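Right, one structure below, let's go through it.
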Amino acid sequence: MADASTLLVLWPVLIPIATAALTALLWSSPVAQRRVGLASLALLLVASLALTMEVMHEGVIAKQFGAWDAPFGISFVADPLSAAMIAISGILAFAVGIFALGDIKERHERAGFHPLFHGLMAGVNGAFLTGDIFNLYVWFEVMLITTLGLLVVQRGKAQIDGALKYAAMNLFGTILFLIAVALLYGATGTLNMADLARILPQMEMSPGLTASALLFLAAFGIKAGVFPLFFWLPASYHTAPIAIAALFAGLLTKVGVYAAFRVFTLMFEMEGGALREIVAVVAAMTMITGVFGAAVQWNVRRILSFHIISQIGYMLMGLAIATPVAIAGAVFYIVHHIIVKANLFLLAGAIKHAAGTDDLRKAGGLLRSHPWLAVLFLIPALSLAGLPPLSGFWAKFLVIDASLREEVWWLAAVALAVGALTLFSMSKIWMEAFWKKPALVRATPRTVPVAFVVPIALLGAVTLTIGLFADPFVEYARTATAVLVDPTDYIAAVFPGDAPVRTVETEVPVIAIEGAVE
Amino acid sequence: MRSLILSSVARIFFAIMLAGSVWVLLRGHNEPGGGFIGGLVGAAGFATLALAAGVEAARRTLVLHPVVVMGLGLFLAFVSGIPGILTDASFLTHQWGTLAGVKLSTTIVFDVGVYLVVVGGVLSFMFRLYAEDAR
Amino acid sequence: MTLIYALAIAAYVGCGLYMMLSRHAVRMILGLTLLTNGAIFLIFLSGRVGTTTPPVIPQGAEALAADAANALPQALVLTAIVIGFALTSFAVALVLEAHRSLGTLDVREMRDAERLGAPDPSPATSVKTHG
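Top to bottom, those sequences are chains G, A and H. Reminder that position 507 of the first sequence reads as 507 in my numbering, one-by-one numbering, no gaps. So the mapping is simple: my numbering equals the position in the second sequence, first residue as 1, plus 518. So the mapping is simple: my numbering equals the position in the third sequence, first residue as 1, plus 653.
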C-alpha cells in the first residue's frame, strides 16, 4: 500500500477501542483483562511514538474514514500539536496502567475499570486527532461517559456525590458545545475543521458566529476547569482511586485546553480584541483562584486538584497573548504539565500508602523512612513550581517572556506571583509529609510497591529529560505553533487535490457520513 | 409488580419483539431501520421480560452479561472496519460482494455490532434500574 | 416559519436553563434533557428548513436532485439524540444511586465529597437547613 504510513493516524484510536471491546468480552476474568490491558497500553505507546516520529519527518498527516473525501467524510488529522498530545497521553496511559496494577483492586475491576479506562483513552486520542468539529463533540461525549463510569468504580457515598457534581456541570458544557456547533454549521455549512479554516477567514463576524465562538469558549472552559467554571473539579477529582485521578488530572482538562487552541487558532482569530481581553482576565483569575484554593487545603489530593486549575491559567495565558512565541510556550506548557501533574497524583498515592493517610497534618517523617520517595517527589514538585533546570521553568519562562514582549505586564506579574505561591504549596507538602516528625512513629515503615515506584520514576525521568534537554522540545513546540498559526499545511493535508473553496450559497452536500449510528 | 396477564403474555411478547428487532435490523440494509433502532426494540423485549418475570429471569435468558454483549458488538463493529484497511488503507471502507447469489457486505457486520452494543448498553442500565426498584 | 421555530427553541432552552437552576437532582436531569432537545432542534434549523425532497439518489440517476434536502442535519441530530439518550440514562442511574446511598436528592445536602479530606474535618460543617 502506498499510503500505509497514514494508517498510523488511526491506531491511537483503534487500539483502545479494540481493547475496550476485548476487556468487556473478558468480563468474568479480571486477571485476563489486566493482561490484555497492559499489553494494549504497551502497543498504544509504540503506536503513539511511531505516529509522532512520522509527523516529525513527514509533516501533517490526514486520513479520511471510509475513504470519503473531505469535507464529506470524517477526517483524522495529525499535525505536530496533536501528535505531541498523542505521544504524551500514550506515555501517561502506560505509566498509569502500571500504577493501576498496585492501586486498582479487584472490586474496581469487577465494576468495569479496564473497559472504561481504554474507552477513555479512545475518547482522548480521538479528540486529539479528529479534524471534524462534530466528531470532536462525539469524542467529548465518549470521554464524559467513561469518566463518569470511572468516577464510580469505587461505590462510596463521596464518589457518587462527586460524580453527580461532575456530571451536572460537564453535561451542561457539552450541550453548550453542541449549540455552538449548530450555530457554526448554520453560518458556514460545513463542520470539517480544515474546511472551516478556509471559509471562516473570508466571512464577516456575524452575531451567530460571535455567539458560536463564545459558546465554544464556555464549553471548553468548563472542560478545562477555568475560572469561574471550575467548581466541578475540586468537588470530584479527590474522590476517585488515585490511578484514575492521575489519569483525569493529566489528560481531561488538557483536552479542553487543546480543543480551545485548535478552535481559536485554526478557525476563529484571537486578534478580535474583546475575546483576547476576556481570555486574559479568565487566565489571570484561574491562576489566582486555583492557587489560593490550594493554600487552605490539607489533603494532598485536594491541594493537587486546585493546582490543576491554577496551571490551566498559564496555558490560557498563551492563548490570550496569541503571538507565535506565546502559543509555542503554551504548547510546551501543556506537554510538560500533563506529565508533571499526573506524576504528582501518583506520588500522592505513594505518600498515602507510605504514611497511611493523605491528610498532611497526620502524615510526616517520610524523608527518614522513604528517602528515595522524597527525591522522586522533588522532581515534579519543583518542576510544577517552575524552578530551573526542570521542565516547568522553561514552560513558565516561555509564557511569561511572551507576555513581557507584548508588554502585558500585569499578566506576567500575576503569573510570577502565582508561581511563588505554587512553591509555597509544594513546600507545604514537603515540610508536612516528608520533613516533619510524624505524630506516631511506626516500628517498620510501610514499603511502597514496585508498581508505584516504576511509573513515578518513569514520569520523573521524562520531566528531567524535557528540563535538561529543553532545546529540541522548544523547537518542536515552535514547529507545532507554525502549523497552528498558518494552517496552510493542515488544509493541504486534508484536501490533497486542493478543492476550490465552496461558498455558502452554492453548497449542497451530496452525501453525508457523520457519526457511527444510522 | 405482579400481574397474571402480564406474566403470562410476557414470554410471547418477548419472542415477538426479539424477532421484530432482528427484522428491523435486517430491513435497515435498504430501507428505514437498522442496528440502533433494532437494538432498542430488542432491549425493550428483554425489559418486558424483566418487568414480568424479574431481572434474574431476564439475565438468564440473555445468557451473557450485558457488558459482554456490548463488548461483542463493539468488537464486531471494529472487525467490520478491518477489510477497508486491507483494500485501500482506510478504516471502515465497506466492502460489497456476492456469494452464491446472496449479497454480502461488511456493513451488515457493523450493523449487527451496533445492534449488540445497543442491546448490551441499554440492558446494563435497565437491569440495574429494575433491580434497584425491587429493593 | 423560521421565527416560530426559533421561538420554540428559545422556549425549550429557557425552560431547560430554569430547571437546571433547581436544587433538586431530578429537575436538573429534566432540565438537561430539555436543553439537549433545544440544541437538537437548533441543529435541525441550521440545516435550513425548506424542501421536502428526500436526499436519496433515485434508481438509475447519477446525482442528487438539485432541490434535495440537506442530508447532514438528520445524521447530526440522530447522533446527538443517541448520545443524549445514553447520558440521560447514565444520569438517571447515578441519581437513583445517590438517592439510595445518600438518602437525598437535594444537592444542598449532598456534601459527602466535600467532607472527604476537608480542611476542617468536623462534621458540623454539613449544613442542614431544614428538618
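Note that the Cβ used here is the ideal one computed from N, Cα and C, for glycine as well. All of these numbers come straight from a predicted model, not from anything done at the bench.
- In this structure, DSSP gives G:SER391 a helical state, which the three-state scheme calls helix.
- Its chain contains LEU367 as the residues whose beta carbon lies nearer than 7 Å to that of G:TRP435, once the 5 sequence neighbours on both sides are disregarded; these appear in chain order.
- By DSSP's assignment, G:ALA78 forms a beta bridge with G:ILE61.
- The C-beta separation of G:GLU109 from G:PRO30 comes to about 4 Å, placing the pair in contact by the 8 Å criterion.
- For G:ALA83 and A:TRP541, the gap between their C-alpha atoms comes out near 44 Å.
- With 16 or more other Cβ atoms inside 10 Å of its own Cβ, G:LEU459 counts as buried.
- Residue pairing by DSSP places G:ASN299 opposite G:ASP359 in a beta bridge.
- Shown here, A:LYS621 sits in a strand according to DSSP, grouped into three states.
- Taking 8 Å as the upper bound on Cβ-Cβ separation, chain H lies near residues GLY639, VAL640, PHE643, ARG646 of the stretch 631-646 of chain A.
- The secondary-structure analysis by DSSP pairs A:TRP614 across a beta bridge with A:SER623.
- Nearest Cα to H:ALA733 within the set G:ILE179, G:LEU150, G:TRP11: G:ILE179.
- Chain-order list of chain H residues neighbouring A:PHE554: LEU731, VAL735, by C-beta distance under 9 Å.
- The C-beta separation of G:TYR237 from G:SER305 comes to about 4 Å, placing the pair in contact by the 8 Å criterion.
- Below the 7 Å Cβ cutoff, chain G contributes ILE145, LEU148 as neighbours of H:PHE743, in chain order.
- If only complete runs of 4 or more residues are kept, the stretch 213-276 of chain G shows the alpha helix (DSSP H) at 232-236, 242-247, 253-262, in order along the chain.
- In this structure G:ALA182 is in contact with H:ILE696, their Cβ atoms being roughly 4 Å apart against a cut-off of 8 Å.
- Comparing alpha-carbon positions, the option among H:VAL709, H:LEU670, H:THR705 lying closest to H:ASN690 turns out to be H:LEU670.
- Ranked by how close their Cα comes to the Cα of G:VAL96, the residues G:LEU45, G:GLY131, G:THR6, G:VAL60 have G:LEU45 in first place.
- No Cβ of chain A is located within less than 9 Å of the beta carbon of G:GLN154.
- Fewer than three pairs of CB atoms, one per stretch, sit closer than 8 Å, so the stretch 612-622 of chain A makes no contact with the stretch 704-722 of chain H.
- The beta carbon of A:SER608 lies closer than 8 Å to those of GLY602 in the same chain, with the five residues before and after it left out.
- Taking all protein chains shown into account, A:VAL581 has fewer than 16 neighbouring C-beta atoms within 10 Å of its C-beta and is therefore exposed.
- Using a CB distance cut-off of 9 Å, H:MET673 counts as an interface residue toward chain G.
- What H:MET654 touches in chain G, judged by beta-carbon distance under 7 Å, is nothing: the nearest beta carbon there is about 15 Å away.
- Scanning G:LEU136, G:ARG155, G:SER403 for the CA closest to the CA of G:PHE177 turns up G:LEU136.
- If the five residues before and after G:GLY186 are omitted, its C-beta is found closer than 8 Å to the C-beta atoms of GLY208, all from its own chain and listed in chain order.
- Within its own chain, the residues whose Cβ lies closer than 6 Å to the Cβ of A:ALA576, once the five positions on either side in sequence are excluded, are PHE564, LEU567, ALA568, listed in chain order.
- Neighbours of G:TRP139 across chain A, judged by C-beta separation under 8 Å, do not exist; the nearest C-beta is about 15 Å away.
- For A:SER608, the nearest beta carbon of chain G is closer than 9 Å to its own beta carbon.
- Inter-residue distance for G:PHE113 and G:ALA363 is about 29 Å (C-alpha atoms, whole angstroms).
- DSSP places H:ASP765 in the helix class (H, G or I) of the three-state scheme.
- Assignment of alpha helix (DSSP H) within the stretch 654-738 of chain H, counting only whole runs of 4 or more residues, yields 655-673, 678-699 in chain order.
- Residue contact with chain G for H:ILE693: present (Cβ-Cβ distance below 9 Å to some residue of chain G).
- Judged by DSSP secondary structure, G:PRO371 falls within the alpha helix (DSSP H) whose first and last residues are 371-385.
- Taking 9 Å as the cut-off, the Cβ atoms of G:LEU266 and G:MET193 count as close.
- Considering only G:ALA78, G:ALA451, G:ALA67, the residue with the shortest C-alpha distance to G:ASP489 is G:ALA78.
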